[in-house]
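Down below is the structure, laid out as structure tokens.
Below you can see the structure in the form of structure tokens.
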């Protein structure tokens, strides 16, 4: 049955065809020429937040509404905000402060002193253009590598920031902060949902967890689960039941860890990475793992037996500034959407239908 299950997914994955999406900008008469750097989907996959590089060295932000993906002609609407074009960002996550996915955590890169900001998603909207809610929790920080929002009610309204040799957990409402010192830079983070536990992946290759209910302690006695890769950990993803964690590193290795035994139980071979911080995308509904390599190839594996199902080349020549950013969801465009892969590369957005 496992073999049949994999063959079905392999057939569907290999039948995916690339189609270019037309991006309509209601608030702009100028054709877009800025490269996509990051795309991040909200929980319902109705919107994606985009970070685009601009020529003078900063970034521009926007939100793309995916409602048009269910139609014959692939057209989406993108809303941008010109007030935030100068803040270069290297990490973004959605935040549920006033309602699900109401805000965005944005970590500014620290070529100059960095900053952490909590932006209302309504800043990037066609409704109520005169209403411009303010930025929350805008504060300067040292080099920021990662961020994560907590959905567990025991750490309500909290988000974390992965910094150079420390983790900062901030309550967005009260402003209260907890600092946890580490021995290495924290490159990737994810909160569990069943417990207020934060998982962290480090440049040293260590993955460790923090129960944020603990008060600050000297030393590192607050570390709970500890796992070790041989190279810098660039992405971690908890599986739904939160008994397993996926980790990727700068040696190109992707490992599935059993958190109950702290042992690696599967490896997904073929990923290529030597220096980049590249995310993993796990879709348990479809039983798929997706990752983009430093070589600009998008690879899709069977989550259950670790078989590589497909390798998708980039539509553009491979270069450091043309590594695709992707999302894979079972319902692209919302509850009535279809499974598929979105790929953003250079100035273009593509859709691969999975049906």
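In full-length UniProt numbering, the protein residues as written are 1 to 355.
For glycine and all other residues, C-beta sits at the position ideal for the given N, C-alpha and C.
Next item on the list: Decide if the region 174-182 is in contact with the region 228-241; the criterion is three or more beta carbon pairs, one per stretch, under 8 Å apart.
Entry: no
Margin query: Rounding to the nearest angstrom, what Cα-Cα distance links residue 311 and residue 273 in this structure?
Written below: 15 Å
Margin query: Taking 6 Å as the limit between beta carbons, can you name the residues of its chain near residue 248, skipping five residues before and five after?
Written below: 234, 235, 254 and 280
Note to self: My output table needs one value for residue 110: the three-state DSSP class, helix, strand or coil.
What the structure shows: Unreliable positioning characterises residue 110 in this predicted model, as indicated by a pLDDT of 47, which lies under 50. The coordinate reading is nonetheless provided below. Here residue 110 sits in coil by DSSP.
Note to self: DSSP has residue 178 in a bridge; who is on the other side?
What the structure shows: 169
Margin query: Suppose the cutoff is 7 Å on Cβ atoms and the five residues either side in sequence are ignored; what does the same chain contact list for residue 119 look like?
Written below: 103, 104, 106 and 135
Next item on the list: Using three-state DSSP, classify residue 69 as helix, strand or coil.
Entry: helix
Checklist line | Helix, strand or coil at residue 14 [DSSP, three-state] | finding: helix
Notebook entry, point to check: Which residues mark the beginning and the end of the beta strand (DSSP E) in which residue 247 is found?
Noted result: 244-249
Notebook entry, point to check: Since residue 369 is in the beta strand (DSSP E), which residue starts that stretch and which ends it?
Noted result: Outside the displayed range of the chain (1 to 355) lies residue 369, so it cannot be described from this structure.
Notebook entry, point to check: Should the region 259-279 be called in touch with the region 331-346, which here means at least 3 C-beta pairs below 8 Å?
Noted result: no
Next item on the list: Determine, using beta carbons only, whether residue 148 and residue 160 come nearer to each other than 8 Å.
Entry: yes
Checklist line | Secondary structure of residue 9, DSSP reduced to three states | finding: helix
Item checked: CB contact flag (residue 145, residue 212, <8 Å) -> no
Margin query: Quick test of the definition: if touching needs 3 or more C-beta pairs under 8 Å, does the region 11-25 touch the region 52-61?
Written below: no
Margin query: If distances are taken between C-alpha atoms only, which option among 34, 240 and 262 comes closest to residue 209?
Written below: 262
Next item on the list: Please name the residue, chosen from 183, 155 and 324, that lies closest to residue 96 on a Cα-to-Cα basis.
Entry: 155
Check: Quick one, are the C-beta atoms of residue 344 and residue 36 less than 8 Å apart?
Finding: yes
Next item on the list: Would you tell me roughly how many angstroms separate the C-alpha atoms of residue 79 and residue 142, rounded to the nearest one?
Entry: 30 Å
Notebook entry, point to check: Which partner residues does residue 190 have in the DSSP bridge list?
Noted result: 199
Check: Leaving out five residues before and five after residue 321 in sequence, what residues of the same chain have Cβ atoms less than 8 Å from its Cβ?
Finding: 35 and 53
Check: Beta carbon of residue 139, beta carbon of residue 92: below 8 Å?
Finding: no
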